[in-house]
Each structure stands twice: as structure tokens, then as C-alpha cells.
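Colleague: The structure under discussion is supplied below as C-alpha cells; questions concerning it will follow.
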Amino acid sequence: MKSMVYRYTAILKPGRARAAVSALALTAASLAPAAAWAQAQQADASKPVDQVLITANANAVAPAYAPTDPDLGPLGRRSLLDTPLSVTTVPAELITNLMARTVNDTLRYLPSVEIRDQQGMEVSRPQSRGFQGGIVQDTRLDGLNVIGTTAIAAENLAGIQVLNGLAGALYGPQPPAGVFDYQLKRPTDTPMARLTTSFESDGIFTQAGDFSGQVGPVGYRLNLVHGAGEGYVAGSHNERNLVSGDFDIHVDEATVLEVDLSHYRTDATGLPGSIVYFSGKSTVLPSAPNPTQTGLGQPGAGTDLMTNTALAKLKHDFGDGWTFEVGGLYQNAHRNLFGITDTMTNDAGAYTVTKNFTAVPHFNITSNTASLNGHVDVAGFENDVTIATNGFDNGQYSYRNSIAVNLGTGNLANPTILPTKATPDNGGQYKSGEVREQSVIFGDTLHLTQQFAVQATVSTSFLNSQSWSKTGAVTSSDDENGVASPTVSLIYKPREDLTLYATYANSIEQGDTAPAGTANANVILSPYRDQSYEAGVKYAITPKLMVTAAGFRMTRPSAQTDATTNVFGVVGTQRNWGGELFVQGEVTPDLSLFGGLTYIDARLLNSGVAATDDKRIVGVPEFKGDMTADYHPQYLNRFGLGGLGFTGTVHYESDRAATNTNNSYAPSYATVDLGVRYASALWGKTGIARLQVINVGDVHYYSSIADGNIVGSAGANTAYLGAPRTLLASLEIDL
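In this text, residue positions in the sequence shown follow the numbering used here: the first is 192, and each later residue adds one.
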């Protein structure tokens with residue numbers, strides 16, 4: 192149950208070592224570090240003893256980006272090759288080498304994933320296969336529900352595991368947007384002390400420390416981060432602070448207690464606000480302006496987020512294939528949101544500027560999980576069985592006074608800084624809503640032969656939701672007991688390295704709440720039924736290289752307000768069908784790949800309104816491709832440059848519908864990221880310098896387009912700008 196630090200060793204002659212030290216010192220001073228440690232050969236014992244020994248994290252300097260077996264929550268860890276679901280894990284070495292700072296940075300490398308911004312890039316909902324995610328249902332931390340609409344750092348993560356498709360049978364009621372599991376770093380067996388200093392244009396400097404080791408039966412992992420400075424807009428400000436501690440207490444050889452604590456705060460102001468359009472006065476999405484212009488946001492306007500998390504898990508291995516796990520989590524997210532909204536007033540670029548204090552300022556959540564997994568033989572057939580439960584209690588708090596301050600007007604052709612205005616009193620917070628879910632899960636994988644298996648999982652869920660007015664009066668309440676979400680899969684393995692599967696899923700989802708102004712305002716609709724059909728193939732070309740492909744058809748009910756009765760109810764269906772192709776791992780000892788291509792035809796069916804029926808869903812591209820290549824040529828060892836490596840990433844999105852009537856589209860775009868890194872002995876220590884340029888061509892595009900009302904009448908839609916060309920540089924030293 193312990194994790195290991197693997198080290199990579201190479202030999203440099205003294206002259207080469209001195210040159211490398213000088214080069215890295217210059218790089219650090221200029222904050223423009225070059226190139227990375229590529230794969231080199233193991234040191235030969237016959238080499239002279241006066242050579243300099245260099246060690247570094249092997250996965251960071253010569254990464255394979257190899258596929259790993261997923262942790263499927265109640266089912267435990269399963270073979271990726273034999274899992275009848277589309278699952279991808281962004282590995283720690285990719286997060287490190289591409290210098291991702293947040294989970295949103297990391298998720299950019301997955302072709303089936305989109306980020307739907309809510310209040311900018313730090314407050315968003317990740318979504319898979321074109322379906323919008325929930326607040327807490329789709330996001331998890333080491334398998335436990337967390338708040339998905341608050342900032343999450345990348346520095347204390349060992350990876351992000353994404354399950355595409357319906358997962359209600361595993362995790363209970365949730366939207367069909369997939370499962371995003373943020374996996375924490377664990378303590379290492381050998382002592383480690385790693386310091387990193389980094390730079391992000393135009394002026395953000397960050398220092399980070401990662402410390403790990405063992406003290407008797409207790410393993411520890413501490414991560415500290417502080418970063419601050421001016422972002423890519425003049426006068427903007429960004430600050431991040433992370434303190435996290437992860438502890439493994441080994442009770443005995445078969446039992447470990449994992450305890451994780453973290454405090455993360457991020458403050459970002461002065462960056463571009465949201466662009467709101469299609470509100471009656473504007474009919475189309477405007478062309479994406481240059482995001483570095485001042486005036487698209489306003490000084491002092493943005494987000495101030497603070498998230499405190501405590502998590503504990505007890506794991507026990509009974510032997511003979513039987514394991515038990517129980518855990519709980521508490522998270523408190525304070526969201527001081529005071530962002531800018533630029534609402535278009537015509538199609539010529541004119542807009543009004545509003546500073547908003549209307550979003551939910553505070554969430555908390557308590558979540559739980561418990562599972563028992565093992566193997567039994569019944570009538571000569573092997574069965575992998577699961578009995579589990581998981582759930583959460585999510586509280587929501589609102590301001591008593593909803594505030595939106597009108598600052599003035601502007602134009603996208605010449606945005607301007609506007610005078611600040613006093614902010615009225617928000618009246619304090621009150622508890623405005625609570626959602627509780629608890630599910631009991633039963634699962635069995637029946638191995639019929641060595642080639643055929645059937646996997647079936649079902650959850651039975653209990654849901655309760657309530658909302659209150661600021662006076663304390665109950666405005667809505669809903670209880671659902673014993674609702675089932677089944678999934679069944681057929682698995683066929685014609686060879687040890689090849690798996691074909693077909694999966695059907697039928698999942699429950701919490702119903703929508705009728706909006707204000709309707710005849711049944713604040714009424715929570717009965718749970719939705721989502722369905723999915725999926726077929727796929729997985730081929731392990733080598734133990735370090737896998738190619739996967741999947742086709743799917745998924746549906747989710749959509750609700751709208753009836754124009755005649757003014758009653759809000761389910762009348763339409765969002766239907767998404769498409770396919771995914773993904774490759775991950777070491778193609779050769781010199782080259783690793785991570786990425787793929789996804790096609791989605793996402794449409795609204797049976798909306799009851801001719802203008803929107805059978806139209807493409809807002810913000811979902813038909814084609815999305817993301818591919819990262821890591822080239823670390825071994826032949827450079829001959830020239831004493833065994834620590835050199837290169838990265839390149841291409842991101843592509845086809846056009847996206849910008850309105851529910853499909854009269855306007857965001858054009859297709861492509862961006863390129865390029866990086867280089869170098870590892871060497873630096874002042875007698877192991878050092879890795881990295882340089883990364885994001886969006887090399889400085890393409891102007893929208894990173895997120897969110898629908899206002901895709902279910903009937905035209906509603907205001909919201910778009911957020913993608914980041915401009917950004918320079919990232921870092922120097923990492925192992926003490």
C-alpha cells in the first residue's frame with residue numbers, strides 16, 4: 192500500500208557537468224530554462240570514479256505516460272485493459288512536465304473533456320462527451336465527492352482519472368458528464384525534498400516544495416505553494432497559496448489509515464470577464480477579442496476562493512483477494528465571486544459592464560464511501576463481487592441581497608477601464624439549499640470462460656433535497672427512495688492483449704428545479720433517467736502502450752417552460768452519439784504519446800419548438816483533438832546531452848453552436864504548445880529546468896461557451912476567452 196519514488200541515473204564527465212551547471216545557473220537567473228532530461232542509459236560500473244552522478248525522477252525526465260489501472264470506486268482497482276468503460280488517467284509526469292497549475296490546465300489534454308466556465312477558469316464544471324456536469328456529483332477526491340465549482344490546485348495531485356459516460360451504478364445519481372477523480376499524492380518510501388521555482392508571463396512567480404518520507408510506521412507528504420504577480424492583462428493580479436499534508440499510518444502489514452488535509456486559496460482579479468450575448472439585443476456571438484486588452488475586465492474584479500478539505504480512509508487487505516475500504520471527507524468552499532459581465536447590447540460590439548455578486552458564495556459537503564471486494568467461486572465459475580455504499584450531504588448558502596452593480600458601457604473594439612462604484616451590503620448569508628444522496632451498490636463480474644465475462648452493477652439510491660428562502664420558509668422539497676441505476680457489460684478477450692466490450696447503462700439523475708417566474712417555481716422535478724449504449728476495444732500493443740476506441744449513444748431528459756401553461760417540465764431530450772480514439776504510452780524508448788480524437792453529434796430532440804428542435808447543443812464541438820508528444824532521444828547521450836527532451840501539444844476544436852437556434856457559431860480553432868527541458872547536476876544537486884510556451888501562435892478563441900436556455904426560448908448565453916500566448920518556466924531541484 193506504499194508508493195515508491197523511482198530514480199533515473201546517468202553519468203556526465205566533469206567537464207560536461209560543469210558546463211551543465213553553468214547553463215542551468217544562467218537559465219535559473221533568466222527564468223527561461225531550456226530543455227529536459229531525456230531517457231539515458233544506466234551508469235556502467237566500469238566508468239571512472241571521478242565522474243559526476245546525476246539522479247532524477249525517471250518518470251519526469253524520460254516519461255512513458257504509460258496507462259495505469261483505474262480505481263473504480265466501489266469496484267476497487269481493476270485492470271484497465273479488462274474494464275468495459277472508457278477510462279483515462281492523466282499521469283503525474285505529464286502534469287509536471289507540462290507545468291499544469293490547476294485541474295483545468297490538466298484536463299486540456301483529454302479530447303472527450305470540455306471545461307464549462309462559471310466564473311472564469313478557476314470556477315468551472317468539467318464535462319465529458321458534451322453533457323454538463325453537476326456541482327458535486329461528478330467530481331471526486333480520491334473517490335469521495337467534492338465541490339466541483341471551486342479552485343483545485345495541481346501541485347498535490349498524483350493524477351486525474353476520468354471515466355467517460357454514465358456511472359450511476361458505481362457512484363449513485365449524477366449527470367451523464369462522467370466522473371472526474373482527483374488523485375492525491377501519497378507518501379514515498381524513500382526521503383524526498385523537492386523545491387521548484389517557476390515563472391508565468393507576464394509576472395507571476397511561484398515557489399513550491401514537495402517533501403516526503405517515513406517516520407516509523409507513519410509516512411508523510413507535504414506540499415507547499417506560494418505564487419503571486421501580474422497576469423497577462425496589465426494591472427491584473429493573481430495569487431495562489433496551498434498547504435497540504437498527506438499521511439499514511441501503517442497500523443500493520445495489512446492495514447493503513449490515510450489522512451489528508453489541505454488549505455488552498457486563490458485570488459485572481461483584473462482578467463477578462465464573461466461575454467453575455469443572445470439576450471434579445473444581440474443575436475450572435477462576437478468574434479473573440481484579444482484577451483490581453485485592459486477593459487474586458489476591471490481592476491479588483493474577479494474571484495477570491497478558499498477551500499479547506501479533510502479526508503480519511505481506512506484500508507485493509509484480508510488476503511485471498513478480499514479487501515475492505517471505508518472513508519469520509521469534509522470540504523468547505525468559500526467563494527467570494529465579484530466578476531465582470533460584459534453584456535452585449537448590439538451586434539456591433541457595444542456592451543454594458545456589470546460587477547456581479549449574485550453567485551452562490553459558500554458550499555460545504557460531507558461525503559462517505561465503504562466497500563468490500565473479493566473473489567468467490569460459484570458452480571465452478573469465478574466471480575469478482577462488490578458490496579458498497581457511497582453518498583454525500585451538500586449544503587448551499589446564498590446572500591440575502593443579490594447584488595449587481597452597473598459600472599457603465601464599453602465596446603469590444605476599444606474596451607476601457609471604468610470608475611469603481613460602491614458595493615451595497617449583501618445582507619449576510621443564509622442556508623438556501625441542501626442535497627443528500629446515499630446509494631447501496633452491488634456488483635459482480637462473472638467469468639464464464641477465459642475469454643468471456645459478464646459484469647453487472649446496480650445501485651439503489653435515496654435522494655432528499657430542500658431549498659429555503661431568506662426568511663427560512665421552505666420553498667421546495669423532494670424525496671426519492673429506492674431508485675435503481677443498473678449497468679451491464681459483456682467482455683470478450685480473444686487474446687491477452689486485446690479486449691472488446693459492450694456496455695448498457697441506465698442511470699438516475701437529480702431533477703432540475705423550476706425557475707422563478709414559472710407556474711411551478713422552485714419545484715424540484717422527479718429524477719431523470721439517463722441511458723447509454725457503448726461498445727469499445729482496447730489493445731495493449733506493449734505493457735507501456737495502449738490504444739482504445741469506443742462508440743457511444745447517450746440520452747438525457749431536458750426540461751423547458753411550456754409557452755401555454757407556463758409550467759416547467761420535461762419535454763425534450765439531449766441526444767449525444769459519437770466515438771473516441773485514444774493512444775497513451777511509450778511508442779519507442781525515445782517517444783511517448785498521450786491524446787486522441789473525439790467526435791460528438793450533440794442535439795436537442797423533441798423540444799416542442801421548431802427553432803430549437805434537432806439543433807446542435809450550445810458549446811459542444813463535433814470534433815475535438817488533443818495530442819501530446821514527448822521526445823527524449825537516447826542518441827544525445829553520446830554528446831553528453833542525455834538530459835534533453837522536447838514536448839509538443841496540438842489542441843483542435845471544430846466549430847461550436849453559439850446559440851440554441853444555431854444561427855451563430857464559434858469558429859474552429861487550433862493551438863500549439865511547445866516545451867523543452869533539461870536535467871543535470873546543479874550545485875551538486877539534481878536539477879530539471881523546463882520551458883513551455885502555451886498557445887504559441889497567440890490564437891484568440893473562446894475556451895468556453897455556455898447555453899443560457901437550450902430548451903425552448905432564446906436565453907442569454909455566456910462565453911469566456913481562452914488564454915493568450917503564455918510563457919512558463921521552472922527550475923526543479925532535489926535536495
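All C-beta atoms in this analysis are idealised placements derived from N, C-alpha and C, irrespective of residue type, glycine included.
Count the other C-beta atoms from every protein chain shown that fall within 10 angstroms of the C-beta of Thr640, then say buried if there are 16 or more, exposed otherwise.
Modeller: Classification for Thr640: exposed.
Colleague: Within this structure, are the beta carbons of Pro718 and Ile732 separated by less than 8 Å?
Modeller: Cβ atoms of Pro718 and Ile732: not closer than 8 Å.
Colleague: What's the C-alpha gap between Val353 and Lys612?
Modeller: Using only the alpha carbons, I get a separation of about 43 Å.
Colleague: Within its chain, find whatever has a CB closer than 6 Å to the CB of Arg627; leave out the 5 residues flanking it on each side and keep chain order.
Modeller: Only Asp584 and Asn655 meet the Cβ criterion.
Colleague: Give the C-beta separation of Ile879 and Leu919 to the nearest angstrom, bearing in mind that I take them to be a contact with Cβ-Cβ under 8 Å.
Modeller: In fact, because the Cβ distance is near 14 Å, the residues do not count as touching under 8 Å.
Colleague: Please determine whether the Cβ atom of Gly601 lies at a distance below 7 Å from any heavy atom of the ligand SAM.
Modeller: The model depicted lacks the ligand SAM and carries no ligand whatsoever.
Colleague: Drop a sphere of 10 angstroms on the beta-carbon of Ala801, count the other beta-carbons inside from all chains shown, and report buried for 16 or more, exposed for fewer.
Modeller: Classification for Ala801: exposed.
Colleague: Taking only the alpha-carbon atoms, compute the straight-line gap between Gly816 and Ser894 and give it to the nearest angstrom.
Modeller: Gly816 and Ser894: Cα-Cα distance of roughly 14 Å.
Colleague: Given Asp508, which residues of its chain have a CB within under 7 Å of its CB, disregarding the five upstream and five downstream residues?
Modeller: Ala445 and Thr514.
Colleague: Can you tell me which residues form a DSSP beta bridge with Gly836?
Modeller: For Gly836, which the question treats as bridged, DSSP gives the partners Arg868.
Colleague: Out of curiosity, what's the CA-to-CA distance linking Leu505 and Ala344?
Modeller: Taking the straight line joining both Cα atoms gives about 25 Å.
Colleague: Is Ile715 helix, strand or coil by DSSP?
Modeller: Of the three classes helix, strand and coil, the one that applies to Ile715 here is strand, per DSSP.
Colleague: Distance check for Ala459 and Tyr911, CA to CA, integer angstroms please.
Modeller: If you take the alpha carbons of Tyr911 and Ala459, they lie about 15 Å apart.
Colleague: Give the DSSP bridge partners of Thr690, in chain order.
Modeller: DSSP output for Thr690 lists Lys729 as bridge partner(s).
Colleague: Alpha carbon to alpha carbon, how far is Arg456 from Asn908? Give it in angstroms, no decimals.
Modeller: Cα to Cα, the separation comes out at about 29 Å.
Colleague: With burial defined as no fewer than 16 other Cβ atoms inside 10 Å of the residue's Cβ, what is the status of Pro615: buried or exposed?
Modeller: Its Cβ having fewer than 16 others within 10 Å, Pro615 is exposed.
Colleague: I need the straight-line Cα distance from Ile578 to Pro366, nearest angstrom please.
Modeller: Cα to Cα, the separation comes out at about 23 Å.
Colleague: Given a cut-off of 8 Å, decide if Ala368 and Gln318 are closer than it, judged by their beta-carbon atoms.
Modeller: Contact flag set, yes.
Colleague: Which residues does DSSP pair with Asp401 in a beta bridge?
Modeller: Asp401 pairs with Arg385 and Asn414.
Colleague: Hey, Thr709 and Val758 are a contact pair by Cβ (cut 8 Å); roughly how many whole angstroms apart?
Modeller: Yes, Thr709 and Val758 are in contact; Cβ-Cβ is about 7 Å, under 8 Å.
Colleague: Out of Tyr373, Ala750, Glu421 and Tyr692, which has the shortest C-alpha to C-alpha gap to Gly394?
Modeller: Considering only alpha carbons, the answer is Glu421.
Colleague: Cα-Cα, which of Asn555, Phe529, Asn559 and Leu637 is closest to Gly565?
Modeller: Answer by Cα proximity: Leu637.
Colleague: Should Asp670 go down as buried or exposed, given a rule of 16 or more other Cβ atoms within 10 Å for buried?
Modeller: Exposed, because fewer than 16 other Cβ atoms sit within 10 Å of the Cβ of Asp670.
Colleague: Taking the alpha-carbon of Glu650 as reference, which of Pro490, Tyr869, Pro364 and Leu289 has the nearest alpha-carbon?
Modeller: The identity of residue 650 in the sequence shown is Ser, whereas the question assumes Glu. Taking only the C-alpha atoms, the option nearest Ser650 is Pro364.
Colleague: Where do the ends of the alpha helix (DSSP H) carrying Ile531 lie?
Modeller: Careful: Ile531 lies outside any alpha helix (DSSP H), inside the beta strand (DSSP E) at Ile531 to Met535.
Colleague: Do Val890 and Arg847 come within 8 Å of each other at the CB atom, strictly closer than that value?
Modeller: No, the pair does not count as a contact, with Cβ atoms beyond the cut-off.
Colleague: Buried or exposed for Val442, please, with buried defined as at least 16 other CB atoms from any protein chain shown within 10 angstroms of its CB.
Modeller: Per the 10 Å Cβ criterion, exposed.
Colleague: Mapping DSSP to helix, strand and coil, what is Ile338?
Modeller: Three-state DSSP puts Ile338 in coil, outside helix and strand.
Colleague: Determine the contact status of Asp538 and Val467, defining contact as a CB-CB distance below 8 Å.
Modeller: No, the Cβ-Cβ distance between Asp538 and Val467 is not below 8 Å.
Colleague: Does DSSP classify Thr648 as helix, strand or coil?
Modeller: Three-state result, Thr648: strand.
Colleague: CA-CA distance, Ile924 and Thr274?
Modeller: Looking at the two C-alpha atoms, the distance is approximately 38 Å.
Colleague: For a test of the three-state rule: what should DSSP assign to Gln825, helix, strand or coil?
Modeller: In this structure, Gln825 counts as helix in the three-state DSSP scheme.
Colleague: Assuming contact is defined by CB atoms lying nearer than 8 Å, are Lys735 and Ala283 in contact in what I supplied?
Modeller: The answer is no: Cβ separation not under 8 Å.
Colleague: Go to Leu172, then tell me how far its alpha helix (DSSP H) extends in each direction, as first and last residue.
Modeller: No information on residue 172 is available, as it lies outside the stretch 192 to 926 that the chain covers here.
Colleague: Would you call Tyr692 buried or exposed, if buried means 16 or more other Cβ atoms sit within 10 Å of its Cβ?
Modeller: Buried, because 16 or more other Cβ atoms sit within 10 Å of the Cβ of Tyr692.
Colleague: Whose CA, out of Asp781, Asp792, Ala857 and Thr803, lies closest to the CA of Gln825?
Modeller: Closest option to Gln825, Cα to Cα, is Asp781.
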